[in-house]
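Remarks on the structure that follows.
Protein chains in written order, with the numbering used here: chain A, 123 to 475; chain B, 7 to 601.
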């Protein structure tokens with residue numbers, strides 16, 4: 123099987139994963155207590171208004187029909203009632219008309235948030251850059267730390283340096299992020315705030331009166347450090363053990379026997395081969411971080427996907443929750459395919475089956 | 007051989023110790039020898055004898071943290087460009103110039119000796135560029151292609167572009183040899199370069215090394231545990247035993263007039279091809295080691311005399327085979343096929359098949375040993391697993407004692423597992439490292455309800471340990487405390503625990519030293535007599551198979567090439583493939599050509 127066939131098959135499988143995620147979340151949501159219409163309108167709304175809103179949101183329909191309607195909204199090719207209202211709502215391109223119905227192509231419509239009264243896609247697009255920035259910086263920190271400490275630890279195997287690195291990375295792996303987040307925020311954002319000059323919370327993009335949307339790099343430092351802590355610890359240990367395995371391989375000895383310098387053997391023979399498993403695990407972590415770091419974003423009030431998800435769960439904001447889940451599963455599917463491709467590039471022995 | 011030739015490498019009082027936290031091991035114990043220009047020296051000894059350590063210490067490749075070499079040890083290398091250098095006491099810069107440039111090495115495992123993520127051509131180029139900075143990449147490339155052609159890789163351009171995993175073991179070893187020759191070194195060290203290869207490939211590699219050695223006038227240090235291979239290539243032999251250099255003599259004297267009892271034992275324990283022996287001589291027929299660690303000869307007899315005592319007369323061998331095949335067969339295999347999917351379509355459905363075993367039929371008679379020979383990839387292992395239903399055959403039937411094995415399910419199959427056992431090649435991975443030896447032996451007995459109380463189980467396990475010539479106290483120990491040969495004994499005890507009638511030995515001695523191999527082979531034969539066992543004995547080594555088997559079956563590409571009584575197959579092979587296999591056995595014919 124060629125690489126492209128393989129990717130095609132994985133995309134197909136990813137589509138199924140994606141559908142089942144949607145299905146699961148949609149129906150699980152029905153088990154939650156509370157009526158979105160009442161939540162939107164408040165406790166004192168009159169029954170008529172509520173009934174009207176329920177009809178508008180499609181909540182009066184059977185659950186399964188609701189799900190199909192949602193899928194119809196999502197699908198890039200769909201059927202809608204041919205009204206001026208719908209045209210505005212979906213912003214579609216009509217293909218075929220029959221009577222009052224129309225087959226259209228459109229950008230997937232994620233509906234509007236009950237709570238924020240805004241399109242879900244707009245909310246996600248606002249949250250995503252924050253999350254991506256956080257995830258990328260956390261991962262860069264983690265990889266830099268892990269490759270350096272992991273190599274150092276492998277080279278000094280058995281010495282006190284090695285033991286120290288192993289001990290610290292074990293602590294890093296075991297500390298939960300809600301705890302490390304609080305400690306870091308308190309220590310560097312509060313106790314040592316005068317010295318570090320870092321705030322306890324805030325996002326990369328913030329609205330400032332008179333300036334509009336501004337970039338705040340200083341807000342990134344603490345959450346990225348905290349978020350990178352665990353992957354850094356895990357990847358350090360992976361780099362170390364992977365290198366220790368490689369170091370005694372025959373081909374490393376061959377490298378020395380050829381008369382190559384220690385540095386060259388280290389980079390081309392040891393590190394290069396030790397990288398394969400590390401990159402795979404790192405990409406998996408990256409995918410997890412991209413879908414939103416709930417605790418870290420909450421603690422540092424970082425307006426990313428994770429914070430958005432927490433808020434919408436509190437307000438039973440189904441369209442947003444579905445939107446976040448959709449985004450998360452899409453990211454996972456794509457990144458997993460990316461891992462396989464990267465792995466194939468790193469290691470020529472990988473074949474696609 | 008050394009007459010008139012200049013010494014190029016002088017090893018003086020080389021002593022290598024390894025110090026770890028809890029142990030101190032003397033790997034090489036004060037050895038001295040001299041290597042002359044263009045000379046081919048074989049180093050022979052079992053694993054742990056210090057031969058590889060000696061080789062690595064010449065190139066300064068031993069792990070520095072744990073290695074201790076005393077000041078009085080010297081390895082003088084007469085370099086053309088740098089003058090005489092002590093390799094043990096020189097700067098890393100000089101050592102780098104010598105490594106790969108003037109002294110190079112070919113390792114045992116071609117599978118793991120090349121960097122998996124770079125193309126083969128680049129890896130050889132790297133060696134040239136490291137030593138000759140003036141050479142352009144284009145020139146280096148041309149030289150590599152030329153080298154590849156010289157070492158018999160005719161499709162040089164393709165090999166240049168290939169990654170190591172895309173090549174066969176023999177091709178990889180040729181790439182390694184090309185790499186070693188890249189800078190026309192004065193000395194090439196070959197550390198068991200053919201041990202992992204098939205015999206026919208081994209023969210070609212040995213021929214190539216000899217040719218190249220003469221062509222380039224290199225000195226060759228050839229390390230092997232197998233005197234047969236050494237006989238094919240060496241002018242002089244160093245025999246090492248437990249870190250000591252016990253004999254250093256020219257090849258003719260080593261073979262015709264060995265002085266040290268260890269050398270004699272080593273010569274005798276390789277199964278001979280021309281006669282059939284009752285049992286193989288072992289080291290311990292020739293020597294003993296006193297509690298002080300001193301080696302003492304046990305017998306004054308020559309190797310030939312010891313062998314002659316054990317020969318089974320020709321008629322007896324023939325009568326035995328004739329008698330065996332008149333019985334009802336114990337195992338009948340009919341048209342057995344095992345196919346593996348080779349390619350799949352988009353939906354994962356196989357569209358092409360690899361025929362691992364392709365329509366094989368034969369019988370095994372009670373009390374016989376059927377030898378199964380073939381090179382890697384011939385389908386030997388797949389066949390043995392299909393017989394035991396460790397994998398499901400695609401088609402065909404296997405009848406064991408009249409019962410159809412291929413159709414068995416559930417409890418019937420489990421009951422059958424009691425009667426048929428297997429001993430695997432690698433004693434290191436076939437024992438669970440977290441179970442004690444005793445538990446490993448007991449487990450199958452418990453599963454099949456062969457012992458009731460734990461005391462009874464333990465007694466039986468201890469008894470079995472004694473049967474395979476281990477100590478009952480070993481019951482409480484873990485596998486990592488044992489050597490390869492001892493582990494294989496444990497595996498044998500485990501197979502015997504369920505009182506089987508039929509055992510498949512799948513390359514059971516292939517990873518062992520020749521001297522240990524002889525002991526295990528003798529043990530297998532003794533147990534066979536004692537318990538009335540029937541064996542299928544699988545090996546790529548025809549001499550071992552011939553010693554063990556009543557009849558031999560030759561496999562090639564999933565099919566049976568021929569099957570017949572051992573002596574007949576060996577003396578009058580009908581198939582061309584069998585003939586090539588027999589010719590490829592290293593036995594140092596050139597040594598016997600001289601009166």
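Virtual Cβ for every residue (Gly too), placed ideally from N, Cα, C.
Close Cβ partners of residue i (< 7 Å) along its chain, the five nearest in sequence each way excluded
i                      : result
residue 460 of chain A : 405
residue 364 of chain B : 343, 564 and 565
residue 58 of chain B  : 197 and 229
residue 92 of chain A  : Because chain A here runs from 123 to 475, residue 92 of chain A falls outside it and cannot be looked at.
residue 245 of chain A : 235, 238, 430 and 442
residue 399 of chain B : 342, 343, 344, 392 and 412
CA-to-CA distance, residue j to residue i, given in whole angstroms
i                      : j                      : result
residue 317 of chain A : residue 411 of chain A : 29 Å
residue 7 of chain B   : residue 241 of chain B : In this prediction, residue 7 of chain B scores a pLDDT of 45, lower than 50, which makes its location untrustworthy; the coordinate-derived value is nonetheless stated afterwards. Cα-Cα distance, rounded: 7 Å.
residue 565 of chain B : residue 309 of chain B : 39 Å
residue 144 of chain B : residue 128 of chain B : 12 Å
residue 242 of chain A : residue 235 of chain A : 6 Å
residue 403 of chain B : residue 341 of chain B : 7 Å
residue 159 of chain B : residue 276 of chain B : 33 Å
residue 601 of chain B : residue 15 of chain B  : In this prediction, residue 601 of chain B scores a pLDDT of 38, lower than 50, which makes its location untrustworthy; the coordinate-derived value is nonetheless stated afterwards. Going from the Cα of residue 601 of chain B to the Cα of residue 15 of chain B covers about 32 Å.
residue 330 of chain B : residue 350 of chain B : 46 Å
residue 149 of chain B : residue 103 of chain B : 19 Å
residue 212 of chain B : residue 426 of chain B : 39 Å
residue 2 of chain B   : residue 481 of chain B : With chain B represented from 7 up to 601, any question about residue 2 of chain B goes unanswered, as that position is not in the structure.
residue 235 of chain B : residue 205 of chain B : 10 Å
residue 297 of chain B : residue 264 of chain B : 25 Å
residue 5 of chain B   : residue 571 of chain B : No answer is possible for residue 5 of chain B: it lies beyond the span of chain B, which begins at 7 and ends at 601.
residue 457 of chain A : residue 542 of chain B : 50 Å
residue 481 of chain A : residue 126 of chain B : Chain A is shown from 123 up to 475; residue 481 of chain A falls before or after that span and cannot be answered.
residue 366 of chain B : residue 407 of chain B : 18 Å
residue 178 of chain A : residue 188 of chain A : 12 Å
residue 539 of chain B : residue 419 of chain B : 20 Å
residue 331 of chain A : residue 426 of chain A : 21 Å
residue 12 of chain B  : residue 477 of chain B : 52 Å
residue 414 of chain B : residue 354 of chain B : 29 Å
8 Å Cβ shell around residue i - same chain, five flanking residues per side excluded
i                      : result
residue 283 of chain A : 274 and 275
residue 337 of chain A : 326 and 327
residue 218 of chain A : 224 and 225
residue 465 of chain A : 398, 401, 402 and 472
residue 255 of chain A : 326 and 342
residue 198 of chain A : 227, 228, 229 and 230
residue 146 of chain A : none
For residue i: DSSP bridge partner residues
i                      : result
residue 92 of chain B  : B/82
residue 410 of chain B : B/405
residue 427 of chain B : B/509
residue 254 of chain B : B/244
residue 334 of chain A : A/330
residue 42 of chain B  : B/13
residue 223 of chain A : A/203 and A/220
residue 603 of chain B : Beyond the ends of chain B as shown, which are 7 and 601, falls residue 603 of chain B; an answer cannot be given.
Own chain, CB closer than 6 Å to residue i, minus 5 neighbours either side, in chain order
i                      : result
residue 416 of chain B : none
residue 362 of chain A : 272, 275 and 276
residue 208 of chain B : 200
residue 395 of chain A : 368
Handout entry: Inter-stretch contact (C-beta, 8 Å, three-pair minimum) for the region 37-48 of chain B and the region 86-105 of chain B
Key = Counting Cβ pairs under 8 Å, fewer than three are found: no touch.
Exercise for the section: Please determine if the region 342-351 of chain A and the region 262-273 of chain A are in contact, where contact requires at least 3 C-beta pairs separated by less than 8 Å. Expected result: Counting Cβ pairs under 8 Å, three or more are found: they touch.
Problem - Validate contact between the region 442-452 of chain B and the region 502-511 of chain B using beta carbons, cut 8 Å, 3 pairs - result: With a cut-off of 8 Å, the region 502-511 of chain B and the region 442-452 of chain B count as touching, because enough Cβ pairs lie within range.
Exercise for the section: Mind the definition here: the region 505-519 of chain B touches the region 388-406 of chain B only if three or more C-beta pairs lie below 8 Å; say whether that holds. Expected result: Yes, they touch.
Practice task
Please confirm if the region 374-390 of chain A is in contact with the region 318-329 of chain A, defined as three or more CB-CB distances below 8 Å between the two stretches.
Solution key: The region 318-329 of chain A and the region 374-390 of chain A do not touch, with fewer than three beta-carbon pairs separated by less than 8 Å.
Practice task
Evaluate the contact criterion for the region 192-204 of chain B versus the region 228-245 of chain B: three or more CB pairs, one atom per stretch, below 8 Å.
Solution key: Two segments are said to touch when three or more pairs of C-beta atoms, one from each, lie closer than 8 Å; by this definition the region 192-204 of chain B touches the region 228-245 of chain B.
Problem - Those runs of the alpha helix (DSSP H) which lie wholly inside the region 513-592 of chain B and span at least 4 residues - result: Runs of the alpha helix (DSSP H) lying entirely within the region 513-592 of chain B and spanning at least 4 residues, in chain order: 520-537, 548-554, 572-577 and 582-589.
Handout entry: alpha helix (DSSP H) runs contained entirely in the region 159-235 of chain B, provided each spans 4 or more residues
Key = Here the runs fully enclosed are 162-167, 175-187 and 205-222.
Exercise for the section: Could I get the ranges of all uninterrupted alpha helix (DSSP H) runs contained in the region 127-183 of chain A, with 4 residues as the minimum, in chain order? Expected result: Within the region 127-183 of chain A, the complete alpha helix (DSSP H) runs of at least 4 residues are 158-163 and 169-179.
Problem - Inside the region 413-444 of chain A only - alpha helix (DSSP H) runs reaching at least 4 residues - result: Qualifying alpha helix (DSSP H) stretches, in chain order: 416-421 and 427-436.
Handout entry: Those runs of the alpha helix (DSSP H) which lie wholly inside the region 345-393 of chain B and span at least 4 residues
Key = Taking 4 residues as the shortest admissible run, the region 345-393 of chain B contains the following complete alpha helix (DSSP H) segments, listed from N- to C-terminal end: 386-393.
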